[in-house]
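The structure appears below as structure tokens.
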Amino acid sequence: MFPFLHPHGLRISVDKMATPSNPINPSVIPANWFDPARVLSSADLTGHAIADQLIAAGMAGTFSAEKSKLFATLGRSIANRTAPVHAAFIPGRIELLGKHTDYCGGRSLLCTVDRGFCMTATPRNDGVIRILDAAKNHAIDFDAHAEHKHPPGHWGGYAQAVVRRLANNFKSAGKLGADIAFISDLPPAAGLSSSSALIIGLIVMLARTNNLASTAAWQKNLRTTEDIAAYAGCIENGGSFGDLPGDRGVGTFGGSQDHTAILCCRTGQISQFRFGPVTREADVIFPGGVKLAVLLSGVVAEKTGAAMAEYNAVSLRARKLVELWNYANDSHLHYLAQVVETPANVEKLTALLNRLPHPERDSLTLRLEQFLQESTQIIPAAAIAIKAADWPLLGELTSKSHGLAVTHLLNQVPATIALQQSAMQSGALAASAFGAGFGGSVWAIFPADLDVALPPGSFVTEPSIPMTVLGR
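When you line the sequence shown up against this note's numbering, it's residues -12 to 459, in that order.
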């Protein structure tokens, strides 16, 4: 137990929220997600069916009308006008709190946004997977067993990872085939998980068009929504999941926070999850009287090239802490959260760190301090603050989290540091940079009636719907 001391003397403990010993039950996979009979016609994509279904799922009317226009664009790209059309909306996400905690087995506080990917698919039986970026009218044909060269950061690299992994994990389904098209109103490389949203959409579209959910391997390993989220994370980081062997992924050493938010968050709510395994701990209704804004810094937050090395370095520091513990204790723990689950263990790990040479000791100590404060103190207290609409407390907690990213994770750039400060000076109740870092965006909560000039490309959103499959 790691209690958080409120600055005004109120002591808030983790046990006031659901904990791993008393988690919220895993989510049953919605029956329509992988029902091959739930489809649309190409004509449905240009009518009112899309907006009506998104509104029924909980999306506001203004946002659903915008998505309806995007699906109409996809409808015009479909070559086989008589084929059944599989369709889904896959949102981006905001990590309110949980900076680099998920792959450590820690906590995150998450919600989705009203922007994301609109995606369609029609089946084909010739073993070809063709994926079209409808906004650029650029298509790529994929073969699961052939390598394709893509520029760093290009969506084709993520698509190739999905195609390769599904083909290897579900061989009994035969050679995969589909015509898939997507279009997105999610700012790319802005920290809103556009790459994870693309990965999830491709998993769902290929599973639906090739009936992967009927295979024994799928039914054994992917039983809950949380399972699918964790598996999607493993496709990205290359890890194995259950009996489904991994491969090289896309090269990043991340977790499944983004995928969990996209699949498991609930409309109008902020959700608290713990990872390793994915466990829902709390859902908090987003209070009225405020608005949630995403402020774009203008600095891209890509996970490729030098940026990938910087991102992975933060992950590797956490991995080094676990390796240090395992070596000293002849243990085989996987997550930093397992190592620090008791105060006694924290003291032992700190003693081990004090034996290291000066530069390494300081670097790993900062990483440990950030994880402990973010996952065991700040996040549970922040969930309580949101539920109570205690904006002064939430503002202090999120500013602390943002500061730890600056001083301990070392993953912020001048633009995101200045943007968070500017938001708070402009009247934000709470604000923080989010995502992998090294660019991206800042989220901010403002009073609903406060008129604020937002940076170019920024937008006001609300905790929106999770991934939603459309069909009749």
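Each residue gets a CB set at the ideal place from its N, CA and C atoms; glycine is no exception. Bear in mind the structure is a predicted one, so any value in this text is a computation, not a measurement.
Residue i bridges to which residues according to DSSP?
i, result
"residue 446", "281"
"residue 72", "27"
"residue 270", "258"
"residue 106", "75, 169"
"residue 98", "81"
"residue 430", "281, 419"
"residue 117", "128, 166"
"residue 228", "231"
"residue 287", "According to DSSP, which records beta bridges pairwise, residue 287 is partnered with nothing at all."
"residue 400", "Paired residues: none, contrary to the question."
"residue 211", "15"
"residue 191", "None, per the DSSP bridge assignment."
"residue 457", "74"
Hey, residue i and residue j are a contact pair by Cβ (cut 8 Å); roughly how many whole angstroms apart?
i, j, result
"residue 448", "residue 101", "5 Å"
"residue 58", "residue 74", "7 Å"
"residue 137", "residue 183", "Rounded, the Cβ-Cβ distance is 17 Å, inconsistent with contact."
"residue 339", "residue 432", "No, residue 339 and residue 432 are not in contact; Cβ-Cβ is about 39 Å, not under 8 Å."
"residue 409", "residue 439", "With a Cβ gap of about 10 Å, residue 409 and residue 439 do not count as contacting."
"residue 323", "residue 311", "Not confirmed; about 10 Å, so no contact."
"residue 284", "residue 426", "6 Å"
"residue 333", "residue 25", "Rounded, the Cβ-Cβ distance is 49 Å, inconsistent with contact."
"residue 203", "residue 194", "That belief does not hold up - the Cβ atoms of residue 203 and residue 194 are roughly 14 Å apart, past 8 Å."
"residue 242", "residue 220", "6 Å"
Closest by CA to residue i, which one among the options?
i, options, result
"residue 173", "108, 281, 215, 455", "281"
"residue 360", "392, 254, 30", "392"
"residue 286", "254, 423, 418, 231", "423"
"residue 435", "373, 416, 345", "416"
"residue 62", "37, 41, 46", "37"
"residue 418", "426, 103, 407", "407"
"residue 150", "175, 93, 225, 270", "225"
"residue 267", "89, 135, 47", "89"
"residue 142", "47, 288, 446, 181", "181"
"residue 256", "131, 240, 274, 21", "274"
"residue 276", "309, 378, 203", "378"
"residue 186", "177, 298, 250", "250"
"residue 30", "70, 40, 18", "70"
"residue 54", "18, 21, 104", "104"
"residue 112", "306, 20, 123, 197", "197"
"residue 178", "99, 24, 67", "99"
"residue 115", "133, 124, 123", "133"
"residue 411", "399, 437, 398", "437"
"residue 462", "124, 348, 160, 335", "The displayed coordinates of the chain run from -12 to 459. Any statement about residue 462 would go beyond what the structure contains."
"residue 156", "19, 67, 218, 321", "218"
"residue 297", "47, 129, 398, 67", "398"
"residue 421", "20, 288, 160", "288"
Given a cut-off of 9 Å, decide if residue j and residue i are closer than it, judged by their beta-carbon atoms.
i, j, result
"residue 81", "residue 106", "no"
"residue 119", "residue 97", "no"
"residue 458", "residue 27", "yes"
"residue 401", "residue 214", "no"
"residue 87", "residue 428", "no"
"residue 170", "residue 146", "no"
"residue 325", "residue 95", "no"
"residue 72", "residue 33", "no"
"residue 45", "residue 254", "yes"
"residue 92", "residue 263", "yes"
"residue 371", "residue 212", "no"
"residue 190", "residue 153", "yes"
"residue 148", "residue 236", "yes"
"residue 240", "residue 299", "yes"
"residue 11", "residue 269", "yes"
"residue 60", "residue 121", "yes"
"residue 265", "residue 216", "yes"
"residue 192", "residue 238", "no"
"residue 41", "residue 452", "yes"
"residue 176", "residue 144", "no"
"residue 23", "residue 252", "no"
Inter-stretch contact (C-beta, 8 Å, three-pair minimum) for the stretch 358 to 366 and the stretch 377 to 393: yes
The stretch 393 to 410 contacting the stretch 336 to 354, beta-carbon criterion three pairs below 8 Å: yes
Cβ contact (3+ pairs, closer than 8 Å) linking the stretch 206 to 226 and the stretch 157 to 166: no
contact_flag[the stretch 330 to 344, the stretch 369 to 384] where n(CB pairs < 8 Å) is 3 or more: no
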